[in-house]
Amino acid sequence: MECKCLPSGYGAGAGLMMALDPENCSWTQESLESKDHHLENDRIRHGISRSLESSDFREQRLENDRHHHQNQRELESRGTA
Numbered sequence: 187m188e189c190k191c192l193p194s195g196y197g198a199g200a201g202l203m204m205a206l207d208p209e210n211c212s213w214t215q216e217s218l219e220s221k222d223h224h225l226e227n228d229r230i231r232h233g234i235s236r237s238l239e240s241s242d243f244r245e246q247r248l249e250n251d252r253h254h255h256q257n258q259r260e261l262e263s264r265g266t267a
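Using this note's numbering, the first residue of the sequence shown is number 187, and each one after it goes up by one.
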């Protein structure tokens, strides 16, 4: 009989699998823990990536603000603002 597994859900146990027929399933506790570990690493990497994107966005916004203020000062010094 073929092993058919389904995701057990989301949350703390996300990534663990539940066998439809546990007696004939080839998933071992070790392979389940390995899958869960890989998924947790993926979540961490995704979180870091999102954090870096947010940081890059803030830095870009600050840089744009600096350019805007510099342009405003130049216009004011020319009397065209």
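Heads up, the beta-carbon is just placed ideally off N, CA and C, and yes, glycines get one too.
#### Entry: Cα-Cα separation between R236 and E216, rounded to whole angstroms
By 1-based counting over the sequence shown, the position of residue 236 is 50. By 1-based counting over the sequence shown, the position of residue 216 is 30. Each residue's Cα considered, the two are about 30 Å apart.
### CA-to-CA distance, S220 to A251, given in whole angstroms
By 1-based counting over the sequence shown, the position of residue 251 is 65. By 1-based counting over the sequence shown, the position of residue 220 is 34. Ala is not the amino acid found at residue 251; the sequence shown has Asp there. The alpha-carbon atoms of D251 and S220 are separated by roughly 47 Å.
### Task
Give me the Cα-Cα distance between S263 and H255, rounded to the nearest whole angstrom.
The count along the sequence shown starts at 1 and reaches residue 263 at position 77. The count along the sequence shown starts at 1 and reaches residue 255 at position 69. Those two C-alpha atoms are separated by around 12 Å.
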